[in-house]
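Have a look at the structure below before the remarks.
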């Protein structure tokens, strides 16, 4: 029985490994096919959708076909999200680098304000791609929902930030893993946490709705 359990665990780990390698390759191909800028968003949303289906144990998820179907489905929304965050990052960079007035206090205030905006932008980005595929939201709704969820569930958000930083540290130490399964691993862990956060949020909302007035 013990040997069967070990064998089953190795087999399951191998399946997850191959799944992540396939998705990582598809993400790279999709991103390059979109000339990087126009491929990042659709590839990331398509990868999130495939992982979500896999985690929900949908039977016989055809990874290759599902990825490209969702790549086309989310092409406009994916590029819209990419451009929003790219524009936000650009504005923060420009104001941080070139903003200058004679008053030192104003400069300090603006720097801290930009730091806060950057932090909120990053937290929103951690939720926005999973939220888009999970709730099938429009561009504006996915941004609003992700922003509010990040603030409404602070413990889960901190948990996800810690997990993301851990994965980043591992990939920084072994950069070759990025081309093997680094991006898909990052997304896999992100979806694992985010889907449970959404489930807790939906449970809270259901409890509040059922509570007597």
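Numbering (our numbering), first residue to last: 4 to 216.
Ideal Cβ positions, reconstructed from N, Cα and C, are used throughout, including at glycine.
Bounding residues of the alpha helix (DSSP H) (the contiguous stretch that carries residue i)
i           : result
residue 77  : Careful: residue 77 lies outside any alpha helix (DSSP H) and carries neither H nor E.
residue 50  : 43 to 58
residue 205 : 186 to 213
residue 112 : 107 to 138
residue 181 : Looking at the DSSP string, residue 181 is not in any alpha helix (DSSP H), and its letter there is neither H nor E.
residue 65  : Counting along the chain, residue 65 falls outside any alpha helix (DSSP H), and DSSP gives it neither H nor E.
residue 175 : 157 to 176
Residue i (DSSP reduced to helix, strand or coil)
i           : result
residue 144 : helix
residue 21  : helix
residue 37  : coil
residue 94  : helix
residue 104 : coil
Beta-carbon spacing of residue i, residue j below 7 Å
i           : j           : result
residue 197 : residue 157 : no
residue 160 : residue 166 : no
residue 73  : residue 49  : yes
residue 98  : residue 119 : no
residue 136 : residue 55  : yes
residue 128 : residue 88  : yes
residue 102 : residue 113 : yes
residue 34  : residue 53  : no
Touch test, the segment 120 to 128 against the segment 88 to 98, Cβ-Cβ under 8 Å, three pairs minimum: yes
Inter-stretch contact (C-beta, 8 Å, three-pair minimum) for the segment 159 to 171 and the segment 94 to 112: no
Cβ contact check for the segment 58 to 66 and the segment 81 to 88: 3 or more pairs under 8 Å: no
The segment 29 to 46 in contact with the segment 203 to 211 per 3-pair CB rule at 8 Å: Fewer than three Cβ pairs drawn from the segment 29 to 46 and the segment 203 to 211 lie within less than 8 Å of each other, which leaves the two stretches out of contact.
Any 3 or more C-beta pairs closer than 8 Å across the segment 26 to 37 and the segment 183 to 199: yes
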